[in-house]
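Sequence order for the protein chains is B and S.
Residues in the first sequence are numbered consecutively from 2, following the working numbering.
Residues in the second sequence are numbered consecutively from 655, following the working numbering.
We put the beta carbon where it would ideally sit given N, CA and C, even for glycine.
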Amino acid sequence: MTRREMAVALTSGVALASAVASAQTPAPPKSPEAELLSARDQVKSIAMILMQQQVPMSTEPAFVFQA
Amino acid sequence: MANIGSEVFFATIPELNKLLVAKEISAVELARAFTQRLEQLGPRYNALALPLQQEAIRKAQDVDKEIKRGRLRGPLQGIPYGVKDLISFAGQPTTWGAKPYAAQVFDYDATVVTKLSGVGSVLVGKLSTVELAGGGGYRYATASLQGPGLNPWDRTKWSGGSSSGPAAAVAAGLVPFAIGSETSGSIVTPASYCGVTALRPTYGLVSRHGAMALSWTLDKLGPFGRSAEDCGLILQTIAGRDGKDPGSAGKSFYYTPQYARPMKEVRIGFAPVDFAAWADAAARPAFNAALDVLKQTGAQLIETKLPDFPYGAVISTVIGAEEASNFEELIRSGKVDQLADATQIAGLKANLDIAATSYLKAMRIRRLMQEEFRKVFAGVDALVTFGRNQAATPINEPLDRGSEAGTAPQDPGMNSLIPAGNLAGLPALVLPCGFAANLPVALQVVGAPFSENLLLAIGREYQRRTDWHKRRPPGT
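Below you can see the structure in the form of structure tokens.
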């Protein structure tokens, strides 16, 4: 998954217009430290999106463990 | 020695099979012609990872002996092919497109290679991939051991990723077919950009044994070919239960075009906003014409919406957590810094921070997605949208460059069908459907799990009425 795919998918249904507007031009290359900081911020923001989702307690994860 | 004209390099599997069975051409002649072409032209597109001429000629000699004895093994016998360089071929390097694994050699064949060898197909080369199939999220097309995948239609444009080599090699007539992989978009994107027919199978239908794992619950292997029919014939060979793949669905696939439902009974869901607004303006005429052709087949086109979920957040969490676990040693050892793409390096490192609760939440949302898609497929038989909303992008352009100002509609349409379809494990067929600024664009048709025969029937009907899948890049 490219960063572009992630950006497009992330904006579906949430703050679409403003997010796309801010993504009109690519960010300039960053230092490795800045890249890592940015990637960690993205992990946090994605976790926040997931946290806001309501999932019934009866819903099990979509993988199967078989003994 | 048969005279091999350029039409042979763009022939379909049934056409090549006919030549072989009639002994108008031998498997050795085919293997020699394709290996020479692949070695000569593959580097032109950065598509070739490893030539396998000697191995191919040896295999083709065995095939010719079988054909001579009348031992016919089906339409793929003697047909040359290539595999993405994350699929193992015993005794030869399998680099995963990444410098830290440049010298990696496995002592066994991937199941897909074993199956194709069993019907007499001839592996002629390994084809390039984005490093680690893009794991971590890359920013530039240069993220590959072979360099950026160059598009055979215009080498200043990207071939797409991460199955860059398979798509470019099939488009340029360097192999009749190829096997690639998709975790989220890695078959659909390069097939769309290169104008090649390709199939992403249902999760679990094709064994991943011997292929690099990026995301255990999302990875799929699938064919790139000249037509929907070619993809059906290939899938029939590579699908099936495999005890070596814990994700194997335990199902076989039989390509049965003779039992296809009449098209007038087929209901295809679409979102008008995809083609009216999400699609790049230059590509809209091609997409709208393609919808008209689908209507001409007799299929019912029904306005449909995707279930509302945060597909991007869910898929990046699932891939991120699984790849970080899988590549933990690479990341913690520091060897990850040998990768070519700085954004990808940072992405892999950061994904070690994904909390178990986030991953499990994502996997639970995925369960809800599956349930909602079951409801969608109660109302329609398939979904259609663009493969990508635009033609191939310039090779030097950062991949996180967004849409042009003011073009993003409020209605998401089916713009998220790539992550949505992958999260729900759904099959997708990519059908070239025209051009935008002299570059190919394509539709993707997505169906319920294990509905590959229906998708192929739609594809066959579409390709009976069009010739986009037969177009050849300039100079090939």
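Check: Under three-state DSSP, which class holds S/Thr810?
Finding: Looking up residue 810 of chain S in the second sequence gives position 156. S/Thr810 falls in the strand class under three-state DSSP.
Checklist line | Any chain S beta carbon closer than 8 Å to B/Phe66 | finding: By 1-based counting over the first sequence, the position of residue 66 of chain B is 65. B/Phe66 does not count as touching chain S.
Check: Just reading off the beta strand (DSSP E) that S/Tyr735 is part of, what are its end residues?
Finding: By 1-based counting over the second sequence, the position of residue 735 of chain S is 81. Unbroken beta strand (DSSP E) run through S/Tyr735: 734 to 738.
Next item on the list: Ignore the nearest five residues each way along the sequence and tell me which others in S/Ala1059's own chain have a CB closer than 7 Å to its CB.
Entry: Locating residue 1059 of chain S in the second sequence gives position 405, where the first residue counts as 1. Any reading at S/Ala1059 is ruled out, since the residue's pLDDT is 46, under 50, leaving its predicted position unreliable.
Note to self: Please confirm whether S/Thr997 has its beta-carbon closer than 8 Å to some beta-carbon of chain B.
What the structure shows: Here residue 997 of chain S refers to the residue found at position 343 when the second sequence is read from its first residue. Taking Cβ atoms only, chain B reaches closer than 8 Å to S/Thr997, which makes this a yes.
Notebook entry, point to check: Taking 7 Å as the cut-off, is the CB of S/Leu1002 close to at least one heavy atom of the ligand ZN?
Noted result: Absence of the ligand ZN is noted for the structure shown, with no ligands found whatsoever.
Notebook entry, point to check: What's the gap between the Cα of B/Gln55 and the Cα of S/Met1017?
Noted result: Within the first sequence, the letter at position 54 stands for residue 55 of chain B. Within the second sequence, the letter at position 363 stands for residue 1017 of chain S. So the two alpha carbons sit approximately 13 Å from each other.
Notebook entry, point to check: In chain B, what lies closer than 8 Å to S/Glu1017 by C-beta?
Noted result: Working through the second sequence from its first residue, we reach residue 1017 of chain S at position 363. In the sequence under discussion, the amino acid at residue 1017 of chain S is Met, which differs from the Glu named in the question. For S/Met1017, the chain B residues whose C-beta falls within less than 8 Å of its own C-beta are Pro62, Ala63, Phe64, listed in chain order.
Margin query: Can you tell me whether S/Thr851 is helix, strand or coil according to DSSP?
Written below: As a position in the second sequence, residue 851 of chain S is number 197, starting the count at 1. In the three-state DSSP reduction, S/Thr851 falls in the strand class (E or B).
Notebook entry, point to check: What residues of chain B sit near S/Ile1008, judged by a beta carbon separation below 8 Å?
Noted result: Taking the first residue of the second sequence as 1, we reach residue 1008 of chain S at position 354. By Cβ distance, chain B contributes Val44, Ala48.
Note to self: Check whether chain B comes within 8 Å of S/Gln1024, counting only Cβ atoms and requiring the distance to be less than that.
What the structure shows: By 1-based counting over the second sequence, the position of residue 1024 of chain S is 370. By this cut-off, S/Gln1024 is an interface position.
Notebook entry, point to check: Looking at S/Ala940 and S/Gly1113, is the spacing between their C-beta atoms short of 8 Å?
Noted result: Here residue 1113 of chain S corresponds to residue number 459 of the second sequence, with the count starting at 1. Here residue 940 of chain S corresponds to residue number 286 of the second sequence, with the count starting at 1. For S/Gly1113 and S/Ala940, no; Cβs fall outside 8 Å.
Margin query: Using only CA atoms, which one of S/Leu945, S/Gly736, S/Leu889, S/Gly897 lies nearest to S/Thr856?
Written below: Working through the second sequence from its first residue, we reach residue 856 of chain S at position 202. Of S/Leu945, S/Gly736, S/Leu889, S/Gly897, the smallest CA-CA separation from S/Thr856 is found for S/Leu889.
Item checked: Extent of the continuous alpha helix (DSSP H) to which S/Ser835 belongs -> Taking the first residue of the second sequence as 1, we reach residue 835 of chain S at position 181. Bounds of any alpha helix (DSSP H) do not take in S/Ser835; it lies within the beta strand (DSSP E) bounded by 831 to 836.
Notebook entry, point to check: Whose C-beta lies closer than 6 Å to the C-beta of S/Thr910 among residues of the same chain, with five residues either side of it excluded?
Noted result: Along the second sequence, read from residue 1 onward, the residue named residue 910 of chain S stands at position 256. Contacts found: Asn1107.
Note to self: Assuming the contact rule is C-beta atoms closer than 8 Å, S/Ser818 and S/Ala701 should be a hit. Round their C-beta distance to whole Å, please.
What the structure shows: What you label residue 818 of chain S is simply residue 164 of the second sequence in a count that begins at 1. What you label residue 701 of chain S is simply residue 47 of the second sequence in a count that begins at 1. 7 Å between Cβ atoms; contact.
Margin query: Give me, in chain order, the residues of the same chain whose beta-carbon lies closer than 7 Å to that of S/Gly904; leave out the 5 immediate sequence neighbours on both sides.
Written below: For this step, residue 904 of chain S is matched to residue 250 along the second sequence. For S/Gly904, where only same-chain residues beyond five positions count, the Cβ hits under 7 Å are Arg895.
Checklist line | Cα-Cα separation between S/Ala943 and S/Val682, rounded to whole angstroms | finding: If you number the second sequence from 1, residue 943 of chain S lands on position 289. If you number the second sequence from 1, residue 682 of chain S lands on position 28. Roughly 42 Å between the two C-alpha positions.
Check: For S/Thr666, which three-state DSSP category applies?
Finding: Mapped onto the second sequence, residue 666 of chain S falls at position 12. In the three-state scheme derived from DSSP, where H, G and I count as helix and E and B as strand, S/Thr666 is classed as coil.
Margin query: Assuming contact is defined by CB atoms lying nearer than 8 Å, are S/Gly1101 and S/Pro1081 in contact in what I supplied?
Written below: Here residue 1101 of chain S is taken as the residue at index 447 of the second sequence, counted from 1. Here residue 1081 of chain S is taken as the residue at index 427 of the second sequence, counted from 1. Cβ distance < 8 Å, so S/Gly1101 and S/Pro1081 count as in contact.
Notebook entry, point to check: Which residues mark the beginning and the end of the beta strand (DSSP E) in which S/Lys780 is found?
Noted result: One-based indexing of the second sequence puts residue 780 of chain S at position 126. Boundaries of the beta strand (DSSP E) harbouring S/Lys780: 776 to 781, taken from the DSSP string.
Item checked: Runs of beta strand (DSSP E) wholly within the segment 1022 to 1073 of chain S (minimum 3 residues, chain order) -> Uninterrupted beta strand (DSSP E) stretches at least 3 residues long and entirely within the segment 1022 to 1073 of chain S occur at 1036 to 1040, given in chain order.
Next item on the list: Run the CB neighbour count on S/Val759, radius 10 Å, all protein chains shown included, and call it buried at 16 or more, exposed below.
Entry: The residue given as residue 759 of chain S occupies position 105 in the second sequence. Result: exposed.
Next item on the list: Measuring only between beta-carbons, confirm whether S/Leu859 sits less than 8 Å from chain B.
Entry: As a working mapping, residue 859 of chain S is identified with position 205 in the second sequence. Output row for S/Leu859: interface = no.
Note to self: Using only the alpha-carbon positions, how far apart do S/Glu976 and S/Ile969 sit?
What the structure shows: What you label residue 976 of chain S is simply residue 322 of the second sequence in a count that begins at 1. What you label residue 969 of chain S is simply residue 315 of the second sequence in a count that begins at 1. In this model, S/Glu976 and S/Ile969 are separated by some 11 Å (Cα to Cα).
Note to self: Can you tell me whether B/Ala68 is helix, strand or coil according to DSSP?
What the structure shows: As a working note, residue 68 of chain B is residue 67 in the first sequence. B/Ala68: coil per DSSP, three-state reduction.
Next item on the list: Report the three-state DSSP secondary structure of S/Ile721 (helix, strand or coil).
Entry: As a first step, residue 721 of chain S must be located in the second sequence, where it is residue number 67. In the structure shown, S/Ile721 sits in a helix (DSSP, three-state: H, G or I).
Item checked: Distance between beta carbons of S/Glu836 and S/Arg854, contact taken as under 8 Å -> Here the question's residue 854 of chain S lines up with position 200 in the second sequence. Here the question's residue 836 of chain S lines up with position 182 in the second sequence. Their Cβ separation, rounded to whole angstroms, is 5 Å, which keeps S/Arg854 and S/Glu836 in contact under 8 Å.
Next item on the list: Report the rounded CA-to-CA distance for S/Pro916 versus S/Gln954, giving the unit in angstroms.
Entry: Stepping through the second sequence from its first residue, residue 916 of chain S is reached at position 262. Stepping through the second sequence from its first residue, residue 954 of chain S is reached at position 300. Going by the C-alpha atoms only, they are around 11 Å apart.
Next item on the list: Can you grab the Cα-Cα spacing for the pair B/Ala22 / B/Ser39, in whole Å?
Entry: Here residue 22 of chain B corresponds to residue number 21 of the first sequence, with the count starting at 1. Here residue 39 of chain B corresponds to residue number 38 of the first sequence, with the count starting at 1. With a pLDDT of 36 at B/Ala22, under the threshold of 50, the modelled position of that residue is not reliable, and no figure is offered here.
Notebook entry, point to check: In terms of residues, what are the limits of the beta strand (DSSP E) holding S/Pro939?
Noted result: Here residue 939 of chain S refers to the residue found at position 285 of the second sequence. No beta strand (DSSP E) holds S/Pro939; the alpha helix (DSSP H) holding it covers 938 to 950.
Checklist line | S/Asp934 versus S/Glu693, S/Leu1093, S/Pro747, S/Asn1076, residue with shortest Cα-Cα distance | finding: Your numbering for residue 934 of chain S matches position 280 in the second sequence. Ranking the options by Cα distance to S/Asp934, first place goes to S/Leu1093.
Margin query: Counting only Cβ pairs nearer than 8 Å, list the residues of chain B close to S/Arg1021.
Written below: Taking the first residue of the second sequence as 1, we reach residue 1021 of chain S at position 367. Simply Thr60, Glu61, Pro62, Ala63.
Checklist line | Spatially closest choice to S/Thr768 from S/Trp1122, S/Ala1010, S/Val860, by CA coordinates | finding: On the second sequence, residue 768 of chain S is found 114 positions in, with the first residue counted as 1. Of the candidates S/Trp1122, S/Ala1010, S/Val860, the one whose C-alpha sits nearest the C-alpha of S/Thr768 is S/Val860.
Note to self: If you measure between the beta carbons of S/Ser775 and S/Asp718, is that distance less than 8 Å?
What the structure shows: Taking the first residue of the second sequence as position 1, residue 775 of chain S is located at position 121. Taking the first residue of the second sequence as position 1, residue 718 of chain S is located at position 64. Remark: C-beta atoms of S/Ser775 and S/Asp718 do not approach each other more closely than 8 Å.
Checklist line | Contact with chain S by B/Val21, beta-carbon distance below 8 Å | finding: On the first sequence, residue 21 of chain B is found 20 positions in, with the first residue counted as 1. Confidence in B/Val21 is poor, its pLDDT being 34 and thus under 50, which makes the residue's placement too unreliable to answer from.
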